[in-house]
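Please read the structure below before turning to the comments.
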Amino acid sequence: MRPLVVIPTLNEAANIAAVVDGVRGTCGADVLVVDDGSDDGTAGLARAAGATVLRHACNLGIGAAVQSGFLYAIAHGYDAVVRVDGDGQHDPGFIPVLLDELARDRADIVVGSRFLAREGYQSTVVRRVGIVILGVLSALVGARVTDPTSGYWALNRRALDVLGRWHPDDYPETQSLLLATRAGCRVREVPVVMRPRHAGNSSISTVHAGFYMLKVILAVLIERLRSR
Amino acid sequence: MDTPFTYSQMYLLQALGVAFSLALIGFVVEAIRRNRLNERYAILWLAAGAVLLALSIFRPLLHWVALSLGVSYPPSLLFLVSFLFLLVIVLHYSLVLSAQRDAIRRLAQAVAFLERALDETDGARRRE
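Residue numbers (our numbering), protein chains in the order written: chain A, 6 to 233; chain B, 18 to 145.
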């Protein structure tokens, strides 16, 4: 299997070098950093750390960054992608674990879940409540996941083909899961441990967590109505 | 008839209405002439200007239309129609914005891929 590690980033100058180093230290996979229009030199730091860099000329949203990564993987003949966040929350030690599930052909999308094994960074209380509600919601709509907002994914070529063609915009994880499930992809979770981010602020503040939840729920409902 | 306005005041209002309509039409024509307004919007705004002009020149028109539709207070018909008109326009702009956002995304992604390919060929040339 020839995997590509895709790291979507926006202004992660403080973290990106450590994240790229961490990934390169763990596995021999190629690393692609998709810089979604940072203005703090993230792209240069990522390149210096040994990653290939795709740079969006303007900010397009995390969904577009992830999609660019998927399209790059398809265009360059990779047969799997591991999606790792650029803020250091995802311990690269789990990359081989996620890839192993793909190698055994147990799933087309493997999601690293914080909630299968309850250790490590579990996020703030508000966000935890939101994540639980979303878990119930995602169960209602058919994807069996405990951590639908996790961005720590491994995908095989089949899932890449589905999500490369069309990828949701703003808060893509839950919607992508639904979309892929409806297209016939098998989803499977494995437990991972996440860490609090190294430095800087998350793109989702606690204040906005409620709003985030509403938006995701709405997006999921709309996703069910879409014809694709 | 008892009216709170004098005739000169009413003519002043009418004159203002006509002037405003003409100004709108003039602005739209000028914008088209300078290539600052797309034709498909131009037609829309010219039509809006023409309707406003007709209503302000020929004042009983609004009353006739309103009464024949069973609207007892004619200005409320004007409010209703203009509200719906603006609502449809704003909705249309939302659709346009969504489509443009999608197009910008595709373009920026394509540029990112091209830049990357360019970097690779540059790098290869430099190594030679």
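Ideal placement from N, C-alpha and C gives every residue a C-beta, glycine not left out.
Note that this is a predicted model, so its numbers are computed, not measured.
Might you give, ordered along the chain, the residues of its own chain that have their beta carbon closer than 7 Å to the beta carbon of residue i, omitting 5 neighbours on each side?
{"i": "residue 47 (chain A)", "result": "14, 16, 17, 18, 21 and 40"}
{"i": "residue 54 (chain B)", "result": "45 and 48"}
{"i": "residue 58 (chain A)", "result": "38, 40, 48, 51 and 52"}
{"i": "residue 180 (chain A)", "result": "173, 224, 225 and 228"}
{"i": "residue 146 (chain A)", "result": "For residue 146 (chain A), the pLDDT reaches just 47, beneath the cut-off of 50, and the residue's location in the model is therefore unreliable, although a value from the coordinates is still provided. Once the five neighbours on either side are set aside, the close Cβ partners of residue 146 (chain A) are 183, 225 and 229."}
{"i": "residue 108 (chain A)", "result": "6"}
{"i": "residue 118 (chain B)", "result": "none"}
{"i": "residue 97 (chain A)", "result": "27, 28, 31 and 89"}
{"i": "residue 18 (chain B)", "result": "With a pLDDT of 49 at residue 18 (chain B), under the threshold of 50, the predicted position of this residue should be treated as unreliable, though the coordinate-derived value follows. Result list for residue 18 (chain B): empty, nothing under 7 Å."}
{"i": "residue 165 (chain A)", "result": "75, 78, 79 and 86"}
{"i": "residue 31 (chain B)", "result": "73 and 76"}
{"i": "residue 112 (chain A)", "result": "106, 191, 192 and 193"}
{"i": "residue 126 (chain B)", "result": "none"}
Let me check one thing: in DSSP terms, what residues is residue i bridge-paired to?
{"i": "residue 161 (chain A)", "result": "A:85"}
{"i": "residue 40 (chain A)", "result": "A:14 and A:60"}
{"i": "residue 9 (chain A)", "result": "A:35 and A:86"}
{"i": "residue 199 (chain A)", "result": "A:95"}
{"i": "residue 114 (chain A)", "result": "A:160 and A:192"}
Looking only at its own chain, which residues have a Cβ that is under 6 Å from the Cβ of residue i, when we skip the five neighbours before and after it?
{"i": "residue 169 (chain A)", "result": "75, 76 and 79"}
{"i": "residue 11 (chain A)", "result": "37, 74, 86 and 88"}
{"i": "residue 24 (chain B)", "result": "none"}
{"i": "residue 34 (chain A)", "result": "8 and 10"}
{"i": "residue 84 (chain B)", "result": "none"}
{"i": "residue 162 (chain A)", "result": "84"}
{"i": "residue 63 (chain A)", "result": "42"}
{"i": "residue 15 (chain B)", "result": "Because residue 15 (chain B) is not part of the residues shown, which for chain B are 18 to 145, the question remains open."}
{"i": "residue 63 (chain B)", "result": "45"}
{"i": "residue 159 (chain A)", "result": "87, 103, 104, 107 and 115"}
In its own chain, which residues sit with a C-beta less than 8 Å from the C-beta of residue i, not counting the 5 before and 5 after it?
{"i": "residue 61 (chain A)", "result": "39, 40, 41, 42, 69, 70 and 73"}
{"i": "residue 79 (chain B)", "result": "72, 91, 92, 94 and 95"}
{"i": "residue 101 (chain A)", "result": "31 and 32"}
{"i": "residue 43 (chain B)", "result": "none"}
{"i": "residue 56 (chain B)", "result": "49"}
{"i": "residue 69 (chain B)", "result": "34, 37, 38 and 41"}
For the ligand COA, I want to know if residue i counts as a neighbour, meaning its beta carbon is within less than 7 Å of at least one of the ligand's heavy atoms.
{"i": "residue 34 (chain B)", "result": "This structure lacks the ligand COA, and indeed carries no ligand of any kind."}
Chain A contacts made by the stretch 106-140 of chain B, where a contact means CB separation under 8 Å: Within the stretch 106-140 of chain B, the residues whose Cβ lies closer than 8 Å to some Cβ of chain A are 121, 122, 125, 126, 128, 129, 130, 132 and 133, listed in chain order.
List in chain order: all unbroken alpha helix (DSSP H) runs of 4+ residues lying wholly within the stretch 40-122 of chain B. Listed in chain order, the alpha helix (DSSP H) runs fully inside the stretch 40-122 of chain B are 56-74 and 77-85, counting runs of at least 4 residues.
Near-chain B residues of the stretch 179-201 of chain A (beta-carbon distance less than 8 Å), N- to C-terminal order: Residues of the stretch 179-201 of chain A with a C-beta less than 8 Å from any C-beta of chain B: none at all.
Assess, as a yes-or-no matter, whether the stretch 184-195 of chain A is touched by the stretch 85-93 of chain A under the definition of 3 or more beta carbon pairs within less than 8 Å. Segment contact: the stretch 85-93 of chain A against the stretch 184-195 of chain A, fewer than three CB-CB distances shorter than 8 Å; contact not assigned.
Any residues in the stretch 44-73 of chain A with a beta carbon nearer than 7 Å to a beta carbon of chain B? Which ones, in chain order? Those residues of the stretch 44-73 of chain A that come within reach of chain B (Cβ to Cβ, closer than 7 Å) are 59, 60, 61, 62, 63, 65, 69 and 73.
Does the stretch 110-129 of chain B come into contact with the stretch 71-81 of chain B, if we say contact requires no fewer than three beta-carbon pairs (one atom in each stretch) closer than 8 Å? At 8 Å Cβ cutoff, the stretches do not touch.
Mind the definition here: the stretch 133-142 of chain B touches the stretch 91-104 of chain B only if three or more C-beta pairs lie below 8 Å; say whether that holds. Under the three-pair Cβ rule at 8 Å, the stretch 133-142 of chain B does not count as touching the stretch 91-104 of chain B.
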